[in-house]
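I have placed the structure first, in the form of C-alpha cells, so that the comments after it can refer back to it.
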Amino acid sequence: MKLKVKDISKNYNRYSALRGVNLELEPGLYGLLGPNGAGKSTLLKIIAGILRPTAGSILLDNEPVSKLGEHYRAMLGYMPQDLGIYPEFTAKRYLLYIAALKGLTEAQAKAEIDKLLEAVGLSSNAEQKLKGFSGGMLRRVGIAQTLLCNPQILLLDEPTAGLDPQERVRLRNLLSALAQHSIIILSTHIVSDVELIAEKIILLREGQIAAFDTVAGLVGKSTLEDVYLTYFQKEA
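Going letter by letter, the sequence shown gives residues 9 to 244 in the numbering used here.
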C-alpha cells in the first residue's frame, strides 16, 4: 500500500495554505511537525477528502482517491482537532452511533467498542455521559472513534492535546503496534509525541515541506527538538 501526495496546493483567495506538497507514504508512523498555521490541518483534511486541493492530487497505489470513492473512505480513520460530540450520549452510545454510520452491525460494534475503550483506558467510563468528560478523556473517545473498523490509513490531528503523560505513553504504544500494517500521520507541535515512534518526520513550514526524513537522518548528533527549533525559530 502506498499513499502519494502529489503537488498539493491549497489557496484561500490570496493566501496559500499549502504550496507544492509532495510525499510518498507506506505503512508506518509519520510525525507531521510544524508551528500553528503551517498547514498541518489543511493537509490532513485534503488527504481525508474533506477539502479539495486547489491543485494536485492524492493517489492510493497510483489511483486517484477521487475515483475510489467509498472504497477509500472505508480505509480512513480521521481525527480532527475539534471533535463533534453529543454531550448527552454516553461514551459507549456515542461509539455505537459512529459505528452504525460506518456500517457495523450492533453485535460487531459492541465487541469492537469494548476492546477500543479498554485500549484508550476508558472501560470504567463507558456508561458515563460525555458532558462530564475532561478534555483529555474526550480526546481518548476521539481516538477510539478513529480506530473503529480497523482503518488502514490513520490521520490524527493533535491527538495528544489534553492527555496526561501516562495516556501519552499509552497512545504511543498503541500507535506503534498499529503502524506495522497502517499508514499513520500524527500531526503535532509537541516533538516528544513522535520522536521515539515515528518512521519519518515531516517538517511543514509556511505550507511547504521543509524536511522529510527519518529521525536519525534529521538529528545527527543533535535532538529532534533542536532540529525543530532550528527550522522554526523565526516563527517562535
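Every residue, glycine too, gets a C-beta built ideally from N, C-alpha and C.
Model, not experiment: these values are computed from the prediction.
Item	Value
Go ahead and label residue 53 buried or exposed: buried means 16 or more other beta carbons lie within 10 angstroms of its beta carbon, across all protein chains shown.	buried
Taking all protein chains shown into account, do 16 or more other C-beta atoms lie within 10 angstroms of the C-beta of residue 165, making it buried, or fewer, making it exposed?	buried
Taking the alpha-carbon of residue 208 as reference, which of 192, 216, 197 has the nearest alpha-carbon?	192
Have a look at residue 237 and residue 215 and give me their C-alpha separation to the nearest angstrom.	17 Å
So, does the segment 14-29 touch the segment 53-68, judging by three or more C-beta pairs under 8 Å?	yes
Under three-state DSSP, which class holds residue 213?	strand
Terminal residues of the continuous alpha helix (DSSP H) containing residue 145?	143-155
Look at the alpha carbon of residue 228 and the alpha carbon of residue 105, and state the distance between them as a whole number of angstroms.	47 Å
Nearest to residue 70 by CA position, among 33, 51, 85, is which residue?	33
Tell me the start and end of each unbroken alpha helix (DSSP H) in the segment 91-138 that is at least 4 residues and wholly inside, in chain order.	99-109, 114-127
Whose C-alpha, out of 97, 149, 134, 155, is nearest the C-alpha of residue 85?	155
In the DSSP assignment, find the alpha helix (DSSP H) that holds residue 196 and state where it starts and stops.	Note, residue 196: premise wrong, no alpha helix (DSSP H); beta strand (DSSP E) at 191-196.
Could you give the residue range of the beta strand (DSSP E) that holds residue 24?	23-33
Out of curiosity, what's the CA-to-CA distance linking residue 133 and residue 99?	7 Å
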